[in-house]
Amino acid sequence: HLEGQGLAKVPNEVYSSNQKQPVTELWLQQNALTVLGPRAAELAALELLYVNDNPAFDWDGEAASTDLEETAAQWTRLQELNLSKTSIQRLPSSAAMWTDLRQLYLCDLPQLSGESLALLPPFPRLRVLMIHNCPLVEGIAESWSSMVELKQGEGFTNSTHSECTLPVSSQHAAANHSAKSRSLSHLPSTQVSLCSNPNLCALPSGMGAWAQCEKLFLNDNPSLRTLPDSLGGMRSLQKLYVNSCRLTEIPGSLAELLELEELYAAQNEITSLPPLPPSLNKLHVPHNNLTSLPSKLPLGLEILHCGNNAISSVEVGLLSALVEIKFVHFNGNQLSVFPFEDIDACIDAAQGKPGGGLRVVDLADNPLTELDEMRARVEALASRLEKPWAFNGSEGGGG
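One point on numbering: in the numbering used here, the residue at position 76 of the sequence shown is 118, and numbering is uninterrupted.
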C-alpha cells in the first residue's frame with residue numbers, strides 16, 4: 043500500500059521485496075507517478091494494480107511502446123485494474139494476455155479517444171467494467187456495431203471502451219486484427235457502467251449478445267437518444283439505469299427481459315412506455331413527457347414514480363392489481379381526478395403482509411377538482427396507510 047505518498051516513481055523496495063516474496067497487490071493511487079518504470083515487468087504475480095489518481099501517468103511515458111507491450115504481457119494473473127484519472131490514451135495490445143481480469147475501471151480519462159477504443163481484447167472472466175466521463179468517446183458505436191456482426195463464438199467481451207490501442211503500429215497490426223475478430227459477441231461482465239460520457243451517442247446494435255450482464259448503468263449521457271432493439275437479448279439483466287440522457291422511447295424488446303427488477307429512466311424525453319416485464323418491481327420515470335401509462339403494470343411493482351410528466355388520467359383498476367405497491371408518485375402531472383378506490387384495494391390486499399403495504403401516495407401539483415369530496419376520501423384512507431397523508435390544495439390548483 044503506497045497510496046497518497048507523493049511518489050514520483052515506484053520505489054526500488056517494491057522490486058527487492060518482490061524477489062523475496064512475489065507482490066500480488068500494488069496500490070499506487072494518489073501519487074505523482076508518470077510511468078511505472080522499466081522494472082514493472084518483474085511483477086509477474088500481480089493480481090491487483092491501482093494507479094488511479096495520478097494525473098500525469100501514461101502507460102508509455104518516456105518508454106518505447108514495445109516496452110509497454112512486453113511489460114503488460116507478463117501480467118497474466120491480473121484480476122483488477124484501475125486506471126482512472128490518469129493521462130493514458132490506450133491499453134496495450136498485449137492486454138489480451140489478461141485472461142483472468144475481473145474488474146476494469148476507466149474513468150475520467152481525457153486522453154482516451156474513440157479511435158483508441160475500437161479494439162477490445164477478450165477478457166473472458168470480466169465481471170465489472172466501468173467507463174465514466176471520457177469526453178472524446180463518440181464514434182465508438184460504429185466500431186462496436188462492426189464487431190457485433192461477427193460469427194457466434196468469435197466473441198468479444200466488453201462494452202464501451204476497454205482496450206485502447208491508440209497509435210497502432212504496423213508491427214502490431216496483424217495481431218490487432220486477430221484480436222478484433224475475437225471481440226464483442228459475448229460479454230461475461232455482470233456489471234457495465236458507461237456514465238457521464240458527454241459525446242456517447244449510441245450503443246452497439248448487437249448489445250443483446252451481452253447475455254450475462256446483470257446491471258447496466260448509462261446515466262448522464264446527454265447525447266444518448268436511443269437504446270438498440272437488441273436490448274431484449276440481455277436476458278440476465280436485472281437493473282437498467284438510464285437517467286439523465288435524451289431518450290425519447292424505450293424499445294419494445296424491454297418486455298423480453300424477464301429478470302429485470304429495476305428500471306430507472308428519469309429526466310429523459312420519453313413520451314410513452316412499452317409493455318413492461320412481469321419481473322419489474324421498481325419503475326422510476328419522473329421528469330419525462332409521458333401522457334399515459336401502459337394498460338397493465340407488473341403485479342409485483344413496489345415503487346411507481348411517474349412524477350413531473352403530462353399524465354392526464356389513471357385508469358380505474360390499474361393500481362388495484364398492484365398487490366406489493368408501497369410508493370405511488372403522480373405529483374406534477376395533469377390529473378383532474380384520481381381512482382381512490384384503487385388505493386382502498388391496495389390497502390386491503392396488503393393486510394397482514396410482513397413487509398407492510400402502501401406507504402406514500404403523492405398527488406401534489408395536479409389540477410385536481412372536487413377537492414372537498416376528495417379530501418373526505420383521503421381522510422378516510424389516511425388511518426389505513428402505513429404513513430399518513432398530507433393533503434392540501436384549492437379548487438383547480440392541486441393537492
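Ideal placement from N, C-alpha and C gives every residue a C-beta, glycine not left out.
By Cβ distance below 6 Å, which residues in the same chain neighbour residue i in space, the five residues on each side in sequence not counted?
i      : result
Asn373 : Gly349, Asp404, Ala406, Asp407
Leu90  : Glu67, Glu122
Ala82  : Thr113
Decide if residue i is buried, meaning its Cβ has at least 16 other Cβ atoms within 10 Å, or exposed.
i      : result
Gly79  : buried
Thr128 : buried
Val284 : buried
Arg144 : buried
Pro246 : buried
Val370 : buried
Ser238 : buried
Just to check my reading of the structure: residue i and residue j have Cβ atoms closer than 8 Å, yes? What is that Cβ distance to the nearest angstrom?
i      : j      : result
Leu75  : Lys51  : 7 Å
Leu178 : Ser155 : 4 Å
Leu88  : Trp101 : With 8 Å as the limit, Leu88 and Trp101 do not qualify as a contact, their Cβ atoms being about 15 Å apart.
Leu70  : Val93  : 5 Å
Leu236 : Leu260 : 6 Å
Ser295 : Asp271 : 5 Å
Ser314 : Ser334 : 7 Å
Gln72  : Glu55  : Not confirmed; about 19 Å, so no contact.
Asn330 : Ile345 : So it is not a contact: roughly 16 Å between Cβ atoms.
Tell me which same chain residues have a C-beta within less than 7 Å of the C-beta of residue i, skipping the five on either side of it?
i      : result
Leu343 : Leu322, Asn323, Leu325, Leu364, Glu366, Ile367
In angstroms with no decimal places, state the Cα-to-Cα distance between residue i and residue j.
i      : j      : result
Leu148 : Tyr57  : 26 Å
Phe165 : Ala308 : 32 Å
Leu400 : Met139 : 53 Å
Leu133 : Val379 : 58 Å
Val356 : Leu341 : 16 Å
Pro53  : Pro64  : 15 Å
Pro131 : Pro328 : Per the sequence shown, the amino acid found at residue 131 is Gln instead of Pro. Between Gln131 and Pro328, the C-alpha separation is close to 37 Å.
Thr113 : Ala137 : 10 Å
Gln280 : Ser286 : 20 Å
Asn310 : Pro293 : 14 Å
Leu168 : Pro316 : 32 Å
Pro264 : Thr118 : 37 Å
Glu301 : Leu318 : 11 Å
Glu303 : Val234 : 16 Å
Val402 : Ala392 : 14 Å
Near residue i, which residues of its chain fall below 8 Å by C-beta distance, leaving aside the five closest residues on each side in sequence?
i      : result
Met276 : Met249, Gly250, Trp252, Ala253, Cys255, Leu258, Leu299
Asn60  : Glu84, Leu85, Ala87
Report yes if the C-beta of residue i is less than 6 Å from at least one heavy atom of the ligand ATP; otherwise report no.
i      : result
Leu325 : The model depicted lacks the ligand ATP and carries no ligand whatsoever.
What residue ranges within the stretch 63–147 form continuous beta strand (DSSP E) runs of no fewer than 3 residues, ordered along the chain?
List check, beta strand (DSSP E) in window: 67–69, 90–92, 122–124.
What alpha helix (DSSP H) runs, 4 residues minimum, are completely inside the stretch 355–420?
Fully enclosed alpha helix (DSSP H) runs of 4 or longer: 382–391.
Within the stretch 267–305, note down every full beta strand (DSSP E) run reaching 3 residues or more, in order along the chain.
Counting whole runs of 3 or more residues, the stretch 267–305 contains the beta strand (DSSP E) stretches 281–283.
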